[in-house]
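Visitor: Under this note's numbering, think of the first position of the sequence shown as 30, with each following residue one higher.
Ideal placement from N, C-alpha and C gives every residue a C-beta, glycine not left out.
Below is a structure I'd like to ask you about.
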Amino acid sequence: MTLTDLKGIGPKTEKLFNRLGIYTVKDLLYYFPHTYLCYKKPSAISNLTEGENEAVTGMLEKDAAVVNLHGLRMTTAYIRDISGKLRLTWFNAPFLRNTLRAGSSFVFFGKAGDYKGQKSMNQPKIFSVEEYAKKIDTLEPVYGQSKGLSNAAIIKAIKQAMEVSEAQADFIPRAILYNRKLMSMNEAIGHIHFPENMEDYKKARERLAYNELFLFSMALVKKKQNTDEQRSGFIIKRDARIDSFISNLPFTLTEGQAAAVEDIRTDLNDGFIMNRLLQGDVGSGKTIVSFIAALETAFNGHQAAIMAPTEILASQHYEKLKKIVSDNAYDLKIALVTGSLKASEKKAIYKEIENHEADIIIGTHALFQDNVIYDDLALVVTDEQHRFGVNQRKTLGEKGKNPHTLVMSATPIPRTLAMLLYADMKVSLIKGLPANRLPIKNAVVNESYRNKAYKFIYDEIKKGRQAYIICPMVEDNDMLDLENVTDYTSKIRKLFPSEVKIEKLHGKMKPKEKDDIMDRFLHKEIDILVSTTVVEVGVDVPNSTVMMVENAERFGLAQLHQLRGRVGRSEHQSFCIFVDSSNSDKSKERLQILAGSNDGFHIAEEDLKLRGPGDIFGIRQSGALDFTIADIYQDRELLRKASEDAMYILRSDPELTDEENRDLKERLSRYLEESYVL
Numbered sequence: 030m031t032l033t034d035l036k037g038i039g040p041k042t043e044k045l046f047n048r049l050g051i052y053t054v055k056d057l058l059y060y061f062p063h064t065y066l067c068y069k070k071p072s073a074i075s076n077l078t079e080g081e082n083e084a085v086t087g088m089l090e091k092d093a094a095v096v097n098l099h100g101l102r103m104t105t106a107y108i109r110d111i112s113g114k115l116r117l118t119w120f121n122a123p124f125l126r127n128t129l130r131a132g133s134s135f136v137f138f139g140k141a142g143d144y145k146g147q148k149s150m151n152q153p154k155i156f157s158v159e160e161y162a163k164k165i166d167t168l169e170p171v172y173g174q175s176k177g178l179s180n181a182a183i184i185k186a187i188k189q190a191m192e193v194s195e196a197q198a199d200f201i202p203r204a205i206l207y208n209r210k211l212m213s214m215n216e217a218i219g220h221i222h223f224p225e226n227m228e229d230y231k232k233a234r235e236r237l238a239y240n241e242l243f244l245f246s247m248a249l250v251k252k253k254q255n256t257d258e259q260r261s262g263f264i265i266k267r268d269a270r271i272d273s274f275i276s277n278l279p280f281t282l283t284e285g286q287a288a289a290v291e292d293i294r295t296d297l298n299d300g301f302i303m304n305r306l307l308q309g310d311v312g313s314g315k316t317i318v319s320f321i322a323a324l325e326t327a328f329n330g331h332q333a334a335i336m337a338p339t340e341i342l343a344s345q346h347y348e349k350l351k352k353i354v355s356d357n358a359y360d361l362k363i364a365l366v367t368g369s370l371k372a373s374e375k376k377a378i379y380k381e382i383e384n385h386e387a388d389i390i391i392g393t394h395a396l397f398q399d400n401v402i403y404d405d406l407a408l409v410v411t412d413e414q415h416r417f418g419v420n421q422r423k424t425l426g427e428k429g430k431n432p433h434t435l436v437m438s439a440t441p442i443p444r445t446l447a448m449l450l451y452a453d454m455k456v457s458l459i460k461g462l463p464a465n466r467l468p469i470k471n472a473v474v475n476e477s478y479r480n481k482a483y484k485f486i487y488d489e490i491k492k493g494r495q496a497y498i499i500c501p502m503v504e505d506n507d508m509l510d511l512e513n514v515t516d517y518t519s520k521i522r523k524l525f526p527s528e529v530k531i532e533k534l535h536g537k538m539k540p541k542e543k544d545d546i547m548d549r550f551l552h553k554e555i556d557i558l559v560s561t562t563v564v565e566v567g568v569d570v571p572n573s574t575v576m577m578v579e580n581a582e583r584f585g586l587a588q589l590h591q592l593r594g595r596v597g598r599s600e601h602q603s604f605c606i607f608v609d610s611s612n613s614d615k616s617k618e619r620l621q622i623l624a625g626s627n628d629g630f631h632i633a634e635e636d637l638k639l640r641g642p643g644d645i646f647g648i649r650q651s652g653a654l655d656f657t658i659a660d661i662y663q664d665r666e667l668l669r670k671a672s673e674d675a676m677y678i679l680r681s682d683p684e685l686t687d688e689e690n691r692d693l694k695e696r697l698s699r700y701l702e703e704s705y706v707l
């Protein structure tokens, strides 16, 4: 059944749905809300919590005013109750001035904010007092929308789709549904879109999340069964030059690094295909471990490929490895493959790779382009797993005859959870930091501390060091009172002496411009880099010792921890300053977790504990795991159950030939074709 069979959807509207990836009636059923509006009882203005959707009742002090602002018409009104005053704004809604008249009372529902120290709401919904009373304690689904397609239109289409669709097939065996007390798929689809209450929502979400986690677990177990029995065409024998190289390093490998190296060398030499995850916190020293694996592969006469998430990081890996080869007089050729190379340079390097004149090839996604042909690829190393699409890693793997795979990840996942998520892989965990690293000193401050922070940064610059300042936005936004890179850079250029070199960096810049700026920062031509989170996965700049994060309350703890990993990468003492602009106790409590620990695994655990009921609608992605509903942290217990069930079924019916597993076999087959599980 096509979308145009539904009332109100013609060819033009169909195209709008297509932009959302919705092409069929079934697609509509599986286009889940990304959040819900929960219509609570109105709060007093003084009790509004910044960032929360809330309702408030108040009387307008005067008629709404309409002004032109940067080509947009902004309507502003002020209401008051016995506890305080609230600023309300709407863009391109001048007609509201006919409704919002002095002395009238309404209920306004929207996200509470702060505008220059005053409580505010942008684009709130407007209800009469009687109308809102009927909505209290109800949930309204909110969907991802495209221009020209409103939330109301999507709701209407989904209601029709539910009326005309056949019953949804249940591929989960009935015994599991019964034992795990899971609702049917029909119930789950109905309640995920239109829950009557929170309990309905939770049960529907649990069933749909279980589906994803169960298929994921089945795929991992199947893959492990295959790889455990798959012999390798590349037996990488231990080479004495590696032992000598490790002994002559200017530092001693940490216990975790040494154990990881031993794990990898054993895997490469045991006759089976290696499929190992190297997990370690930011700055734990994963790169040198991967270099050792690549060198030993090359010493055995085979090729190794190392992928990096950015060109600048690939270039840095290339320079470091080239220096290692030169300093030790190894007879090896290191090649760099990136998208920005000239056509003639690419052609020459591709020829070297195909003729095995290049032994270790470092690059970005350009490594897996069709015209890159390897002569003897035995090892694939992917750096920062979550920055690569799965198909990219898969394509690179297919360029070798079942090469060994080493995946490096700085995503702080607790070990017990990692063993479930990566059940198809062996896991090496590097705990702790290299011996020459000092723990980062952290501080959570409010905006009044800003000038002291600038002085502190200037003192570090006078010592020859460098600093990052992170802002949440690229440009000014009248609807959000947040620091932005563009204005902030102009502001601090006036505050710091002229000899302090300040530059900005953000994701809207062209790749070459971004790389040039990072390269200048690396070579100490820039003292302060004002940036968005684009530096989260960036180049290693050991000389940078200060990171200041503005509006730190706007970032997730895991992201802040990754950002903080840009400093503390040398023997110099490093510092991180988190500026909390929220005046919220909850925000301060979250940020204090970062102030009190530099351990990403501890931070991930504490962040999980702090998640309250308000977080249940968040859909979290970690690494390459792209679940629609499931959240690996929130659903870790559900993942454990799904993993348990998957192993039980595949032990009792490895080929899924039993009648009761027929639908599961068909669904799993489709999942394996389209999923990221390699």
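(1) Measuring only the C-alpha atoms, how far is Ala-653 from Lys-484?
(2) Starting from the C-beta of Pro-571, find all residues in its chain whose C-beta is less than 6 Å away, skip the five residues before and the five after it, and write them out in chain order.
(3) Measuring CA to CA, which of Asp-628, Leu-511, Glu-673, Asp-548 is closest to Asp-609?
(4) Which first and last residues belong to the beta strand (DSSP E) in which Val-96 is found?
(5) Shortest alpha-carbon distance to Ile-555 belongs to which of Arg-699, Glu-235, Ile-531, Asp-360?
(6) Can you check which of these residues, Trp-119, Ala-482, Gly-142, Gly-330, is closest to Met-577 by C-alpha distance?
(7) Go to Tyr-65, then tell me how far its beta strand (DSSP E) extends in each direction, as first and last residue.
(8) My guess is that Val-136 and Pro-71 are in contact by the Cβ rule of under 8 Å, so how many angstroms apart are they, rounded?
(9) In the DSSP assignment, what are the bridge partners of Arg-116?
(10) Looking only at its chain, what residues have a beta carbon closer than 6 Å to the beta carbon of Ala-122, apart from the 5 residues adjacent to it on each side?
(11) If you compare alpha carbons, which of Asp-292, His-552, Lys-44 is closest to Gln-345?
(12) On the criterion of 16 or more Cβ atoms from any shown chain inside 10 Å, does Leu-365 qualify as buried, or is it exposed?
(13) If I measure Cβ to Cβ from Lys-730 and keep anything under 6 Å in the same chain, skipping five residues before and after, which residues do I get?
(14) Pick out whichever of Gly-113, Lys-41, Thr-326, Leu-32 has its Cα sitting closest to the Cα of Ala-269.
(15) Pro-40 by DSSP, collapsed to three states: which one?
(16) Applying the 10 Å Cβ sphere with the 16-neighbour rule, what's the burial state of Gly-146?
(17) Measure how close the beta-carbons of Ile-353 and Ile-391 come, nearest whole angstrom, since I'm counting them as under 8 Å.
(18) What does DSSP give as the partner residues of Glu-169 in its beta bridges?
(19) Pick out the complete beta strand (DSSP E) segments inside the stretch 229 to 313, 3 residues or longer, and give them in chain order.
(20) Alpha carbon to alpha carbon, what distance is there between Leu-450 and Glu-688?
(21) For Leu-45, which beta-bridge partners are listed by DSSP?
(22) Out of curiosity, what's the CA-to-CA distance linking Gly-647 and His-63?
(23) Taking buried to mean at least 16 other C-beta atoms within 10 Å of its own C-beta, is Ser-457 buried or exposed?
(24) Give a yes or no on contact between the stretch 290 to 309 and the stretch 359 to 378, applying the rule of three or more CB pairs nearer than 8 Å.
(25) Using C-beta distances below 7 Å, list every residue in its chain close to Ile-205, excluding the 5 sequence neighbours before and after it, in chain order.
(26) From the DSSP output, in three-state form, read off Arg-102 for me.
(27) Are there three or more Cβ pairs, one per stretch, closer than 8 Å when the stretch 492 to 501 is compared with the stretch 512 to 530?
(28) Below 6 Å CB to CB, which residues in the same chain sit around Gly-643 once its five sequence neighbours on both sides are set aside?
(29) In its own chain, which residues sit with a C-beta less than 6 Å from the C-beta of Ile-183, not counting the 5 before and 5 after it?
(30) For Gln-591, does the count of other Cβ atoms within 10 angstroms reach 16, so buried, or fall short, so exposed?
(31) Flag this pair as touching only if the stretch 244 to 252 and the stretch 659 to 679 have three or more C-beta atom pairs under 8 Å; answer yes or no.
(32) Helix, strand or coil: which one does DSSP assign to Gly-541?
(33) Please classify Met-454 as buried or exposed, where buried requires at least 16 neighbouring CB atoms within 10 angstroms.
(34) Determine the extent of the alpha helix (DSSP H) in which Tyr-497 is found, giving its start and end residues.
(35) Quick check on Val-410: buried or exposed, where buried means 16 or more other Cβ atoms within 10 Å of its Cβ?
(36) In terms of alpha-carbon separation, which member of Ser-194, Leu-396, Ile-293 lies closest to Glu-340?
Guide: Let's see:
(1) Note that Ala-653 scores 41 on pLDDT, short of 50, meaning its location in the model is unreliable; the coordinates nonetheless yield the value given after this. Going from the Cα of Ala-653 to the Cα of Lys-484 covers about 41 Å.
(2) Excluding its 5 nearest sequence neighbours in each direction, Pro-571 has C-beta neighbours in its own chain below 6 Å: Arg-598, Ser-599, listed in chain order.
(3) Comparing alpha-carbon positions, the option among Asp-628, Leu-511, Glu-673, Asp-548 lying closest to Asp-609 turns out to be Leu-511.
(4) First-last of the beta strand (DSSP E) with Val-96: 94 to 98.
(5) Ile-555 has its Cα closest to that of Ile-531, out of Arg-699, Glu-235, Ile-531, Asp-360.
(6) Of the candidates Trp-119, Ala-482, Gly-142, Gly-330, the one whose C-alpha sits nearest the C-alpha of Met-577 is Ala-482.
(7) Annotation: the continuous beta strand (DSSP E) that includes Tyr-65 extends over 64 to 67.
(8) Right, the Cβ-Cβ distance comes to about 6 Å (below 8 Å), so this counts as a contact.
(9) Here Arg-116 is bridged, per DSSP, to Tyr-107, Ser-149.
(10) The residues Thr-104, in chain order, have a CB closer than 6 Å to that of Ala-122 in the same chain once the five nearest residues on each side in sequence are set aside.
(11) When only C-alpha atoms are compared, the closest one is His-552.
(12) Leu-365 comes out buried.
(13) The chain is shown only over 30 to 707; residue 730 falls outside these bounds and no answer can be derived.
(14) When each option's Cα is compared against that of Ala-269, the closest is Thr-326.
(15) Pro-40: helix per DSSP, three-state reduction.
(16) Exposed.
(17) So it is not a contact: roughly 12 Å between Cβ atoms.
(18) Here Glu-169 is bridged, per DSSP, to Leu-66.
(19) Contiguous beta strand (DSSP E) elements confined to the stretch 229 to 313 occur at 304 to 309, taking only those with 3 or more residues.
(20) Cα to Cα, the separation comes out at about 29 Å.
(21) Leu-45 is not bridged to any residue.
(22) Residue placement at Gly-647 is poorly supported in this model, since its pLDDT is 31, which falls under 50; the coordinates are not used for a value here.
(23) In the assembly as shown, Ser-457 is a buried residue. Its beta-carbon has 16 or more other beta-carbons within 10 Å.
(24) No, they do not touch.
(25) Apart from the 5 residues on each side of it in sequence, Ile-205 sits with its Cβ closer than 7 Å to the Cβ of Asp-674 in its chain, given in chain order.
(26) Strand, per DSSP.
(27) Enough Cβ pairs lie closer than 8 Å, so yes.
(28) Unreliable positioning characterises Gly-643 in this predicted model, as indicated by a pLDDT of 34, which lies under 50. A coordinate reading is not provided.
(29) So the list reads Tyr-172, once near-sequence residues are dropped.
(30) Classification of Gln-591: buried, given that the 10 Å Cβ count is 16 or more.
(31) At 8 Å Cβ cutoff, the stretches touch.
(32) A small correction: the amino acid at residue 541 is Lys; Gly does not occupy that position in the sequence shown. The three-state reading of DSSP puts Lys-541 in helix, counting H, G and I together.
(33) Burial call: buried.
(34) Careful: Tyr-497 lies outside any alpha helix (DSSP H), inside the beta strand (DSSP E) at 495 to 499.
(35) Counting Cβ neighbours within 10 Å, Val-410 comes out buried, since at least 16 surround it.
(36) The candidate whose alpha carbon is nearest that of Glu-340 is Leu-396.
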